[in-house]
Amino acid sequence: MKAEYLKVFQAIAAIPPGRVASYGAIAARAGLPGRARLVGRLLGEVPDGMTLPWFRVLRSSGHIAMPPGSRGFREQCRLLRAEGVEVKNGRVPLSRFGLDADVDRALWGIPGK
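Residues in the sequence shown are numbered from 1 upward in steps of one, following the UniProt record's numbering.
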């Protein structure tokens, strides 16, 4: 496995319960800025035996990337909600549940609504 792939998997594994991250944010954290599509591809190629919180990775808009109503979409919604993440119309408010939400609030005073 390429070292850059391992870094992507490590960045995904590091998303704590109750938080989400965008494909682009994961790429940046893995040292691969601008490689959001690579993150998406790798999520579809997770090696056997590796368990990742795939459901915590979303589009930069906070939307679930799978087609609405699909089995994967429903499963992702279910798993996120089980961790207390708000999902409305297939979208998670990143200002509240994103990895950097606390930092943004501390720096800019963005309300946690």
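Using N, Cα and C, we set each Cβ at its ideal position, and we do this for glycine too.
Neighbourhood of residue i by C-beta, 6 Å cutoff - its chain only, sequence neighbours within 5 removed
| i | result |
| --- | --- |
| residue 84 | 18 |
| residue 30 | 7, 8 and 11 |
| residue 59 | 65 |
| residue 15 | 21, 53 and 56 |
| residue 24 | 36 and 60 |
Beta-carbon proximity list for residue i, same chain, < 7 Å, skipping 5 on both sides
| i | result |
| --- | --- |
| residue 87 | 77, 80 and 81 |
| residue 92 | 20, 58, 62, 80, 85 and 86 |
Counterpart residues of residue i in DSSP-defined beta bridges
| i | result |
| --- | --- |
| residue 20 | 98 |
| residue 88 | 91 |
8 Å Cβ shell around residue i - same chain, five flanking residues per side excluded
| i | result |
| --- | --- |
| residue 46 | 9, 52 and 54 |
| residue 73 | 64, 66, 67 and 90 |
| residue 5 | 42 |
| residue 75 | 55 |
Classification of residue i by the beta-carbon crowding that lies within 10 angstroms, buried from 16 upward
| i | result |
| --- | --- |
| residue 61 | exposed |
| residue 22 | buried |
| residue 37 | exposed |
| residue 13 | exposed |
| residue 113 | Only weak support is given to the placement of residue 113: the predicted model assigns it a pLDDT of 41, under 50, and the value that follows is read from those uncertain coordinates. Exposed, by the Cβ-count rule. |
Straight-line Cα distance separating residue j from residue i
| i | j | result |
| --- | --- | --- |
| residue 3 | residue 97 | 29 Å |
| residue 129 | residue 99 | The first residue shown for the chain is 1 and the last is 113, placing residue 129 beyond what the model contains. |
| residue 27 | residue 49 | 22 Å |
| residue 34 | residue 69 | 29 Å |
| residue 1 | residue 71 | 29 Å |
| residue 95 | residue 44 | 27 Å |
4-residue-minimum alpha helix (DSSP H) runs that sit fully inside the segment 7-78, ordered along the chain
23-29 and 36-43
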